[in-house]
Amino acid sequence: MKNLIIILISGFLWFSAFHLQQKGNRNYFKNEFHFEKISRIEPRLVQFEDTVPNDTIYICFTTNIFPNAYFREIFTPVCIDGLCLPISVNLFWSPGGDYLGYSIKGNGIFTKLNHIPFDEDDYLRLHYLLDDPQSLLKDYKLTELVSGNKDSLKVDGISGATITAVENYVIKGAVYTTYGLWHSVYGPSYDSIRKITMEYLSIPLLNSLINSPNIEDNFYALDILNKFEPKVTIQLIPKLEEFIESDNLSLKERSINVLISSEISDSLIQETLLKVFKITDFWTKKILLTKLYDYDYLLPDVEVKLTSNLSRESPSIIQEIYKLLKKRTDISLTSKMKIADLLENDNQFIAKITYNFLSSLDINEKVILDKMHSYTIKVGENKK
Amino acid sequence: MKNLTRRKFISSSTVGTLGAAAGLSVVSNFDAIAKSDLKEKSKLFHFSRDIPVGDDYDIVVVGSGPAGSAASICAARLGAKVLLIEATGCMGGMGTSGLVTSFGPVANGERMLACGFLKELLDTMYKRGFLAPNERPEIYQKAYMRWTRYNPEGLKLLLDELAIDAGVETRFFTKAVDADVDSQSKQINGILIHNIEGFQYIKAKKYIDCTGDAFLADICGAECREAGRDVPNIQPASLCAIFANFDPAKITSWQEKMSSIPLDEKHFTQHDRHYVGTGGILEIGNNIGFHNGGHVFNLNALSCKSLSDGIVFGRKIANEYVNAFKKQVPGCENIENVITASLMGIRESRNIKGEYELTVEDFLARRQFPDQIGVNNRYCDVHPYTPSDENITRWRELRDEYRLKLGEFFGIPYSILVPVGWSNLWVAGRCVSSDTIVHGSIRSQTCASIMGQAAGTAAVQSIKTGQPANDLDTEQLVKTLRNEGVYLPQKTLSSQMTRS
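Here the protein sequences line up with chains F and Y, keeping their order. The working numbering puts the first sequence at residues 1253 to 1636. The working numbering puts the second sequence at residues -2 to 497.
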């Protein structure tokens, strides 16, 4: 009991000291991250297999339910001859492992070659560079970044020129600092963070991730929904619809995959896909049709609705719809009639693919056969 | 089949010469560059003959590179009867015959920009295994300033399939050689083509020039700017090649160091620091890569002799690279030069003067146009006019100066595709209307494809509505392109195109 009280008191004192210290720090955070909302910080020792000496990761909570952010303390030397003091930087991540920002402790400053201090633009640019998971830096070894003398590749006092390929991915004169911090952000911390977050897996956590303004957290939530329990619930469908309607192709596709792999009934999934189909853009329509293609059974209502406004669709989409409908053996008369109307379409390409599609079906209806016959006569006349 | 006499044809044509060559005084780094202007120098020979008249078409597309293939397939899908004529035996242009087997940036680090026909190509190529190893949609749909490599044979196969599927009539081994033009109304009545069957006169409602050199626009008499004639310099050309039998792991590591460890000059007959840093091999398959290295300076692509001499010199350079790689680069001990391209990699030749000329100021302002038909993020890559170290250093510096940041883009307005005053002619590809700097950004296969789709779509709209090319309702065009998946984020639309 006594020990517990000591731990709690020392934890409180440490947390208070941290908050006070944070106020005096130089902070560069994404807008979505509000450090001041953190109410509890829990240190966790993790065996990181990286070059950062400190193996502690700090879990930040705004409530006690699940982590809202993480940070690690990175200690980095900044010049070759010891004139500039090494500085301590806290790197922050979201619960999904996305970079949230950095904070430099106290009076620490970054310096470039020849001890030139970073200016404000350099700090902002560093934040911007660290926020790029696709940075070319991921493909390079440190020794490949500069030409010339590589013996002292531990700080930014290196004398060689930065190779052209990565110039846009580093702060000029601070190659090592940029490289080191970028690799700390996207190194082993990422997996550890996700592992810890999974310890708190719950519906409230999923809700928090899926509603997060951070898209990487959204991705993370979708990945969890795709791979682990709990499965998608009906309550999540409006959010998935919102993602499918978003401008981000990856988010669309992942959300559709989650929806399809969920345990919700096939009919509800197909209805949801169709609901989105009617209002969405060209590329989402293509994805939705590809997904619908995977179903052995297509709801009659889906078939009717897909064909009800065919003439308004782009030729490529009509092609995809025909591909989908070819799987059905019992296309309704209503749909066939709608399709046959396109034999008279001004767009000869649409008329041609429609004729080819209808020819692949077993058509017995005289009215449709007549239309097909008229089409062949028209094509024949055009060829004369 | 109707016949048209050659005499009648010539009398109604603006220009009667077969082929074109531009006058230009150049300093050559290879021997015997053509300097004369055939039109001025040659004696004239007149002849007349009966020329068979072929079928009528809605649209004739001349040239089937990235612009022409997109224009013809997209127009045909919109219902037009399209004839595509191509001088070589395959579609794809620089991506296939030119062996520049990569699409320039199609995204800006945040999202995919080239979302129309080109996205369909890329997605399908990925599904069929035609993209290079490690190319994936997650990467090309987002990555900043990244080139997407592919197998050129895969692109050929896919374009053949899509064109057949769309109903495009394709005539390979066929060239447009002249045009029958009403010069008063600036309208093309028909064009003269030539292939193994001889000459043929083809009539269409609309024409799209995707020759890369604005050949059709020029013979029609549309106002054009020629590099070396109207502007003092010509960007150098390069001849790409397919190299094989190397160790990619070893070579990649070496390539990254090339800025400090150049290939030894002793292997080369010409001093050219192009082979420092950017003269590498980009892998497109297992131990197969395309090589884009070395410049052919002062090549005038509008002179047949210059072009002929240039490609000979280009082959020599490619062979020099192979020898240099073999002797100097780890992993290239057994490297082979499989084939050099059959098309010269021309960066600059002739550009039309369009209803609007896109400028580097537009690029730097990240300008968005109400009539834009595409957006782009690629930096302005204007290759050095001479091989001096200063020029080459400056070239690399300029690529950084004229570079948009992650997430940014500028608009490509419709009006740069329309030669001033022309009602049934569009131009798409590297010969559109732009200044020489921003030309370095939009001359890529990516932009050519974007512009091709727009030109094909505009031509169909023009047929359906009767709107001339130079007074097309661009609001309607933008809406149609959006409906086809093209990314056009401009907030304001206008039925009037942007004009100079």
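Every residue, glycine too, gets a C-beta built ideally from N, C-alpha and C. Bear in mind the structure is a predicted one, so any value in this text is a computation, not a measurement.
Neighbour-count burial assignment, Leu410 of chain Y, 16 or more Cβ in a 10 Å radius = The residue you call residue 410 of chain Y lines up with position 413 of the second sequence. Reading the sequence as shown, one finds Pro at residue 410 of chain Y and not Leu. Buried.
Give the DSSP bridge partners of Lys172 of chain Y, in chain order.
-> Reading the second sequence from its first residue, position 175 is the one you call residue 172 of chain Y. Partner(s): Y:His191.
Closer than 8 Å to chain Y by CB, Gln1386 of chain F | To locate residue 1386 of chain F, count along the first sequence from 1; it is residue 134. Yes, Gln1386 of chain F counts as interfacial toward chain Y.
Would you report the Cα separation of Glu262 of chain Y and Asn289 of chain Y, rounded to the nearest angstrom?
-> Working through the second sequence from its first residue, we reach residue 262 of chain Y at position 265. Working through the second sequence from its first residue, we reach residue 289 of chain Y at position 292. Computed Cα separation, rounded: 17 Å.
Report yes if the CB atom of Ser1514 of chain F is closer than 8 Å to the CB atom of Pro1552 of chain F, and no otherwise.
-> Here the question's residue 1514 of chain F lines up with position 262 in the first sequence. Here the question's residue 1552 of chain F lines up with position 300 in the first sequence. Going by C-beta atoms, Ser1514 of chain F is not nearer than 8 Å to Pro1552 of chain F.
Give the DSSP bridge partners of Gly1353 of chain F, in chain order.
-> What you label residue 1353 of chain F is simply residue 101 of the first sequence in a count that begins at 1. Looking at the DSSP output, Gly1353 of chain F shares a beta bridge with F:Phe1281, F:Phe1344.
Contact check, Lys203 of chain Y vs Ala456 of chain Y, beta carbons under 8 Å | For the purposes of this step, residue 203 of chain Y is taken as residue 206 along the second sequence, with counting starting at 1. For the purposes of this step, residue 456 of chain Y is taken as residue 459 along the second sequence, with counting starting at 1. In contact: Lys203 of chain Y and Ala456 of chain Y (Cβ atoms closer than 8 Å).
Name the chain Y residues whose beta carbon is nearer than 9 Å to that of Trp1345 of chain F?
-> Translated into the one-based positions of the first sequence, residue 1345 of chain F becomes position 93. Near Trp1345 of chain F there are no residues of chain Y at all, since even the closest Cβ is about 20 Å away, more than 9 Å.
Is there at least one Cβ from chain F nearer than 8 Å to Tyr141 of chain Y's Cβ?
-> For the purposes of this step, residue 141 of chain Y is taken as the residue at position 144 of the second sequence. With 8 Å as the cut-off, Tyr141 of chain Y counts as an interface residue toward chain F.
C-beta neighbour in chain Y for Lys1604 of chain F, strict 8 Å | Counting from one through the first sequence, the residue named residue 1604 of chain F turns up at place 352. By this cut-off, Lys1604 of chain F is an interface position.
Lys1504 of chain F, buried or exposed, once every other Cβ within 10 Å from all chains shown has been counted against 16 | As a first step, residue 1504 of chain F must be located in the first sequence, where it is residue number 252. Buried, by the Cβ-count rule.
Ile205 of chain Y to Glu83 of chain Y, Cα distance in whole Å?
-> Walking along the second sequence from the start, residue 205 of chain Y turns up at place 208. Walking along the second sequence from the start, residue 83 of chain Y turns up at place 86. Between Ile205 of chain Y and Glu83 of chain Y, the C-alpha separation is close to 13 Å.
Under the DSSP definition of a beta bridge, which residues are partnered with Gly351 of chain Y?
-> Locating residue 351 of chain Y in the second sequence gives position 354, where the first residue counts as 1. Looking at the DSSP assignment, Gly351 of chain Y forms a beta bridge with Y:Pro416.
What does Ser1566 of chain F touch in chain Y if you count any residue whose Cβ is under 7 Å from its own?
-> The sequence position of residue 1566 of chain F within the first sequence is 314, counting from 1. Residues of chain Y passing the Cβ test: Asn480, Glu481.
Which residues, taken in chain order from the stretch 1498 to 1523 of chain F, show a beta carbon closer than 9 Å to some beta carbon of chain Y?
-> From the stretch 1498 to 1523 of chain F, only Asp1499, Asn1500, Leu1501, Ser1502, Glu1505 have a Cβ closer than 9 Å to chain Y.
Integer Cβ distance of Gly1353 of chain F from Phe1344 of chain F, believed to fall under 8 Å = What you label residue 1353 of chain F is simply residue 101 of the first sequence in a count that begins at 1. What you label residue 1344 of chain F is simply residue 92 of the first sequence in a count that begins at 1. The C-beta distance from Gly1353 of chain F to Phe1344 of chain F rounds to 5 Å, short enough to fall under 8 Å.
Where do the ends of the alpha helix (DSSP H) carrying Glu1294 of chain F lie?
-> Indexing the first sequence from 1 puts residue 1294 of chain F at position 42. Note, Glu1294 of chain F: premise wrong, no alpha helix (DSSP H); beta strand (DSSP E) at 1292 to 1297.
Identify the contact partners of Gly195 of chain Y in chain F, using a Cβ-Cβ distance below 7 Å as the criterion.
-> For the purposes of this step, residue 195 of chain Y is taken as residue 198 along the second sequence, with counting starting at 1. Within 7 Å Cβ-Cβ: nothing; Gly195 of chain Y doesn't reach chain F, min ~23 Å.
Can you tell me where the alpha helix (DSSP H) with Ile136 of chain Y in it begins and where it stops?
-> Position 139 of the second sequence, counted from the start, is the residue given in the question as residue 136 of chain Y. Ile136 of chain Y -> alpha helix (DSSP H) spans 134 to 137.
Determine, using beta carbons only, whether Ala111 of chain Y comes closer than 8 Å to chain F.
-> The count along the second sequence starts at 1 and reaches residue 111 of chain Y at position 114. So, not an interface residue.
Let me know the secondary structure DSSP gives Cys428 of chain Y once reduced to three states.
-> In the second sequence, residue 428 of chain Y corresponds to position 431, counting from 1. Residue state, collapsed to three classes: coil.
Using the DSSP secondary-structure output, state which residues sit across from Arg222 of chain Y in a beta bridge.
-> In the second sequence, the residue the question calls residue 222 of chain Y occupies position 225. Its beta-bridge partners are Y:Asn348.
Alpha carbon to alpha carbon, how far is Asn388 of chain Y from Pro49 of chain Y? Give it in angstroms, no decimals.
-> Here residue 49 of chain Y refers to the residue found at position 52 of the second sequence. Here residue 388 of chain Y refers to the residue found at position 391 of the second sequence. One C-alpha to the other measures close to 52 Å.
Got a sec, what are the start and stop residues for the alpha helix (DSSP H) Cys444 of chain Y sits in?
-> By 1-based counting over the second sequence, the position of residue 444 of chain Y is 447. Cys444 of chain Y -> alpha helix (DSSP H) spans 442 to 462.
Cβ atoms of Asp1593 of chain F and Ser1563 of chain F: under 8 Å apart, would you say?
-> Along the first sequence, read from residue 1 onward, the residue named residue 1563 of chain F stands at position 311. Along the first sequence, read from residue 1 onward, the residue named residue 1593 of chain F stands at position 341. Against a cut-off of 8 Å, the Cβ pair of Asp1593 of chain F and Ser1563 of chain F comes out as a contact.
Taking DSSP as the reference, what is the three-state secondary structure of Gln232 of chain Y?
-> Counting from 1 along the second sequence, the entry for residue 232 of chain Y is found at position 235. Coil at Gln232 of chain Y, not helix or strand.
Residue from F:Asn1608, F:Ser1566, F:Asn1616 with nearest C-alpha to Thr477 of chain Y = The sequence position of residue 477 of chain Y within the second sequence is 480, counting from 1. Checked all of F:Asn1608, F:Ser1566, F:Asn1616; the closest Cα to Thr477 of chain Y is F:Ser1566.
Tyr1310 of chain F Cβ short of 7 Å to the ligand ATP heavy atom set = Of ligands this structure carries none, so the ligand ATP is not represented either.
Establish whether the CB of Leu159 of chain Y and some CB of chain F are separated by less than 8 Å.
-> Position 162 of the second sequence, counted from the first residue, corresponds to residue 159 of chain Y. Chain F contact via Cβ: absent.
Between Met1624 of chain F and the rest of its own chain, which residues show a CB-CB distance below 8 Å, the 5 nearest in sequence each way excluded?
-> Taking the first sequence and counting its residues from 1, the one referred to as residue 1624 of chain F is at position 372. So the list reads Ala1592, Leu1595, Tyr1607, Leu1610, Ser1611, Ile1615, once near-sequence residues are dropped.
Take the Cβ of Pro1369 of chain F as the centre, count every other Cβ of all protein chains shown within 10 Å, and call the residue buried at 16 or more, exposed below.
-> Working through the first sequence from its first residue, we reach residue 1369 of chain F at position 117. Exposed, because fewer than 16 other Cβ atoms sit within 10 Å of the Cβ of Pro1369 of chain F.
Contact belief for Leu1382 of chain F with Leu1461 of chain F at Cβ below 8 Å, rounded distance in angstroms = Translated into positions along the first sequence, residue 1382 of chain F becomes position 130. Translated into positions along the first sequence, residue 1461 of chain F becomes position 209. Not a contact, Cβ separation roughly 22 Å.
How about Ser491 of chain Y: is its C-beta nearer than 8 Å to some C-beta of chain F?
-> Residue 491 of chain Y sits at position 494 when you count from the first residue of the second sequence. Not one chain F Cβ lies under 8 Å of Ser491 of chain Y.
Any chain B beta carbon closer than 8 Å to Glu135 of chain Y = Looking for chain B here will not work: the only protein chains present are F and Y.
Just the Cα atoms here: how many angstroms apart are Val503 of chain Y and Arg393 of chain Y?
-> Because residue 503 of chain Y is not part of the residues shown, which for chain Y are -2 to 497, the question remains open.
Please state if the CB of Ile285 of chain Y and the CB of Ala241 of chain Y are separated by a distance shorter than 8 Å.
-> To locate residue 241 of chain Y, count along the second sequence from 1; it is residue 244. To locate residue 285 of chain Y, count along the second sequence from 1; it is residue 288. A contact, by the Cβ cut-off of 8 Å.
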